[in-house]
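In the numbering used here, the protein residues as written are 843 to 1364. Some notes on the structure that comes next.
Below you can see the structure in the form of structure tokens.
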């Protein structure tokens, strides 16, 4: 139903049962010029009432399909100026896990799939302008024809640009280039007042840094200018295995330190790691395409029932310098302390490497195992406490059960822009630890949603009891006190920015940080 038609209905007294009533003065409808579609269709409502996490349900009052950034600004301004207490949530690909993009008392804006202008690439200055609802896979496809690609990625490319920039956007390149929020030149943002503003480091900088990592609290990203670099043609991808955690982390920390050294030192482009507490998990999860079955079977005896750690490294290269890659990789591997004879190497096109997780998704979809609850827990663990975390969690709480991958890899804190809203531990090196589990109803109690959620609570309690000052990535809290503790020294700035850019607290209420009529006394 078109927005104009809805308000015409309201003017004549035909009030919808869902309660979205007169957020604009009907006599002024022609002056707003909104071209997008405001839908009350039950299929539309149902499609945005759940997310990838599969644990939260919230049906909105309406779904808005915008035609432009101006459309979004006009809609948000209408909500801001209304007295109905409505809220607005922007939804990209719906990959949140705790209802962060949902609302039950307002409008969900469908950012992905909306009509947009094509990506605009500047070859000379090496950047691309893209719609906030574009998926990263589409961004990649649009830049490759120019021999360019974004510098920093997430493991999964079917996520929206606005969604990852509202969090941080991290993968195995973050140690080198920083998160995606450190690789943005400019944004167009619709604030909670319905103002469409262009912002950058030099223009409206307070809004720029607020929005980056801001969990959607300050504005809706409608355009992002992403930094590009020359795209490699191929990737040499190596996996090795450790049984000793100290050797594993020391090697990872050594490898990420190389980028502070001279240009002639061999360097990598990607570093990640994973933990295997269930040896079947080496092949029975959505990263199973990353392992050689023959290599996996040979490791079971080596592990002797203990925990294994797998290091993944990659070197990008052009076809013209393929001969030098082997020498560089061999020189690096000689300095590492992994289990001999556990090396697995793959050489593949750059696009195939970046889109590797999508293959796992297609496999799980074919088995009916993709659209299940995902009780994920993502943590930043200080380097100084990661050994304790290993003993208490990987070798303790998890036992020998893990229904899904567990990632662990180090990140250099100096690659994170401190002025953004994102928070990290204080250590100069910290680890991403991601429990990417899927809950299954297959008769195994250790794979149920209740079991995995309880395990997540045990992990958080272990950290709290032992004073391990973790930070949640993709955070989820239920109390104001927890959110204040999460942001720490940044809370006062976060709250001041909220009052400046979304004073009525209408944006992204699904995060649970603010809500209409929220008050906080500093």
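The beta carbon of each residue, even a glycine, is placed where N, CA and C say it ideally should be.
Would you call residue i buried or exposed, if buried means 16 or more other Cβ atoms sit within 10 Å of its Cβ?
i	result
residue 1338	exposed
residue 927	exposed
residue 885	exposed
residue 1049	buried
residue 980	buried
residue 878	buried
residue 1264	buried
residue 1064	buried
residue 925	exposed
residue 1009	buried
residue 1307	exposed
residue 1183	exposed
residue 1018	buried
residue 1176	exposed
For the beta strand (DSSP E) that residue i lies in, which residues bound it at each end?
i	result
residue 937	Taken as a continuous stretch (DSSP letters only), residue 937 belongs to no beta strand (DSSP E), as it is neither H nor E.
residue 1154	1150-1159
residue 969	969-973
residue 1189	1186-1191
residue 1039	1038-1042
residue 1017	Premise fails: residue 1017 lies in the alpha helix (DSSP H), 1016-1019, not in any beta strand (DSSP E).
residue 1254	1248-1254
residue 1272	1271-1277
residue 1084	1076-1084
residue 879	879-881
residue 1356	Careful: residue 1356 lies outside any beta strand (DSSP E) and carries neither H nor E.
residue 1064	1061-1072
residue 1299	Premise fails: residue 1299 lies in the alpha helix (DSSP H), 1291-1307, not in any beta strand (DSSP E).
Quick check on this structure: which residue in the options has the alpha carbon closest to the alpha carbon of residue i?
i	options	result
residue 944	966, 890, 963	890
residue 1217	1345, 1100, 885, 893	893
residue 1149	1248, 1035, 915	1248
residue 1351	1060, 1195, 1188	1060
residue 1309	902, 1234, 1156, 1345	1234
residue 1189	1311, 1231, 1079	1079
residue 1278	1291, 1271, 914, 1272	1291
residue 1332	1163, 1268, 918, 1095	1268
residue 1214	1201, 1289, 1157	1289
residue 1192	925, 1116, 942, 1158	1158
residue 1040	1330, 1311, 915	915
residue 1246	1273, 1271, 1203	1203
residue 1250	1219, 941, 906, 1045	1219
residue 908	1187, 1045, 949	949
residue 1271	1241, 999, 1226, 1170	1226
residue 1171	1346, 1187, 1161	1187
residue 1259	1052, 1282, 1311, 1334	1052
residue 1028	1082, 1004, 1012, 1013	1004
residue 1160	910, 1077, 1253, 1022	1077
residue 1283	1037, 1211, 1062, 935	1211
residue 1329	1266, 1293, 1346, 1345	1266
Alpha carbon to alpha carbon, how far is residue j from residue i? Give it in angstroms, no decimals.
i	j	result
residue 933	residue 1032	14 Å
residue 1224	residue 1342	32 Å
residue 1034	residue 1322	20 Å
residue 961	residue 912	18 Å
residue 1355	residue 975	23 Å
residue 963	residue 1179	43 Å
residue 1097	residue 1112	10 Å
residue 1056	residue 1047	14 Å
residue 1088	residue 1153	13 Å
residue 947	residue 895	21 Å
residue 1295	residue 1020	30 Å
residue 1099	residue 939	33 Å
residue 1109	residue 1286	44 Å
residue 1243	residue 1357	38 Å
Mind checking which residues open and close the alpha helix (DSSP H) that includes residue i?
i	result
residue 1220	Not the alpha helix (DSSP H): residue 1220 falls in the beta strand (DSSP E), residues 1219-1224.
residue 985	978-986
residue 1053	1047-1053
residue 1228	1228-1231
residue 965	Counting along the chain, residue 965 falls outside any alpha helix (DSSP H), and DSSP gives it neither H nor E.
residue 1342	1333-1343
residue 1209	Premise fails: residue 1209 is in no alpha helix (DSSP H) and is neither H nor E.
Ordered along the chain, which non-local residues of its own chain (more than five positions away) have a Cβ less than 8 Å from that of residue i?
i	result
residue 888	901
residue 1026	1007, 1054, 1066, 1067, 1068, 1069
residue 1084	1090, 1093, 1150, 1151, 1152, 1153, 1179, 1180, 1181
residue 1015	993, 994, 995, 1111, 1112
Take residue i and list the residues in its own chain whose beta-carbon comes closer than 7 Å to its own, dropping the five residues that flank it on each side.
i	result
residue 991	982, 985, 1070, 1071, 1073
residue 1239	1297, 1300, 1301, 1304
residue 1228	1091, 1273
Leaving out the 5 sequence neighbours to the left and right, which residues in its chain are closer than 6 Å to residue i when beta-carbon positions are compared?
i	result
residue 1348	921, 929, 930, 1034
residue 1353	942, 1057
residue 1231	1223
Say the cut is 6 Å; is the CB of residue i nearer than that to a heavy atom of the ligand GDP?
i	result
residue 959	Here there are no bound small molecules, and the ligand GDP is not part of this structure.
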